[in-house]
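Working notes, structure below.
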Amino acid sequence: MKIHDVIIIGGGPAGSTVAALLAEKNLNVLLFEREKFPRFSIGESLMPGTYWTLKRLGVLDKMKASVFPKKYSVQFYSKSGRASAPFYFFEHDEHESSKTWQVLRSEFDQMLLDNAEEKGAEVRQETSVLEVLFEGDKAVAVRAKLADKSIEEFRAKVIVDASGQSALISRKMKMSRVEPGLKKASIYTHFEGGVRDQGVDAGATLIYHTQNQDSWFWYIPLPNDVVSVGVVGSLDYLLQNRKDDPQKIFD
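The numbering of the sequence shown is numbering that gives the first Met the number 0, which starts it at 0 and goes up by one.
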């Protein structure tokens with residue numbers, strides 16, 4: 000059986016970034032992604048610090064040429080509705096890295112995955128890793144269900160778990176734990192024609208705190224006159240009627 004240098008579980012930004020950087024070093028990299036890209040995902044507002052990773056990956060020019068709205072600032076609204084002054088990143092750092100983007104994750108994640116493949120990583124989409132196999136305390140292989148529904152075993156010197164909340168390795172090793180303060184849920188959607196500011200504020204992230212301060216809303220401008228709107232709150236509070244019709248919960 001062929002032994003890869005690295006197997007990566009998950010083709011989101013973390014997995015594709017690791018794959019690109021390692022493949023660039025001429026390592027034999029195999030990445031498994033459960034979904035078929037492009038696919039929807041939440042998490043659309045980048046932070047300025049991502050500039051340096053995007054540059055290292057070699058996709059900065061693609062980002063600059065994209066239709067993703069440029070994000071120069073964030074603004075907060077208190078529970079009383081009072082707005083803070085916009086926090087402009089460039090007022091604290093004059094480097095162009097103080098500007099970032101609001102992204103459609105379907106397109107952004109596809110860009111990063113394609114980049115990993117272009118650098119030499121082998122990418123297998125629609126492939127679910129069913130189990131991480133161990134020899135002693137070392138992860139040495141994975142058992143995966145391929146796109147054609149067949150099941151195969153793949154070995155590697157290193158296994159990288161970039162599966163997000165699936166957390167295959169930590170669950171296997173019984174290392175996962177719930178942080179009480181992070182038991183959150185979110186409800187979100189996209190709207191067309193949402194109001195947005197002008198000039199450098201057109202791509203600003205807006206954060207609204209609810210009166211009971213138990214939840215907060217995001218308002219993120221996206222391409223094609225679309226805005227992303229969502230609310231984050233404690234799981235029990237936000238989804239207390241979770242068995243009801245989804246539209247009723249959203250309303």
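C-beta: ideal position from N, C-alpha, C; glycine also. Note that this is a predicted model, so its numbers are computed, not measured.
Item, Value
"Roughly how many angstroms lie between the CA atoms of VAL58 and ALA115, to the nearest whole one?", "11 Å"
"Find the nearest neighbour of GLY232 within the set GLY202, GLN246, LYS182 and ASN223, judged by alpha-carbon distance.", "LYS182"
"Looking only at its chain, what residues have a beta carbon closer than 6 Å to the beta carbon of ALA255, apart from the 5 residues adjacent to it on each side?", "Because the chain here runs from 0 to 250, residue 255 falls outside it and cannot be looked at."
"Quick one: using the 10 Å Cβ neighbour count with 16 as the cut-off for buried, is TRP51 buried or exposed?", "exposed"
"Determine contact between the stretch 40-47 and the stretch 135-154, defined as no fewer than three beta-carbon pairs at a distance below 8 Å.", "no"
"List the residues that DSSP assigns as beta-bridge partners of PRO220.", "VAL226"
"Taking the alpha carbon of THR49 as the point to measure from, which residue in GLN101, TRP217, LEU237 and VAL226 has its own alpha carbon closest?", "GLN101"
"With burial defined as no fewer than 16 other Cβ atoms inside 10 Å of the residue's Cβ, what is the status of THR209: buried or exposed?", "exposed"
"Got a sec? Which residues, its chain only, sit under 8 Å from MET46 by beta carbon, not counting five neighbours each side?", "THR99"
"By Cβ distance, which residues of its chain are closer than 7 Å to SER77, with the 5 residues on each side in sequence left out?", "HIS208"
"Determine contact between the stretch 57-74 and the stretch 191-208, defined as no fewer than three beta-carbon pairs at a distance below 8 Å.", "yes"
"Considering only their Cβ atoms, is the gap separating ASP4 from ALA120 smaller than 8 Å?", "no"
"Which one of LEU237, GLN109, SER97 and VAL199 has the shortest CA to CA distance from GLN212?", "LEU237"
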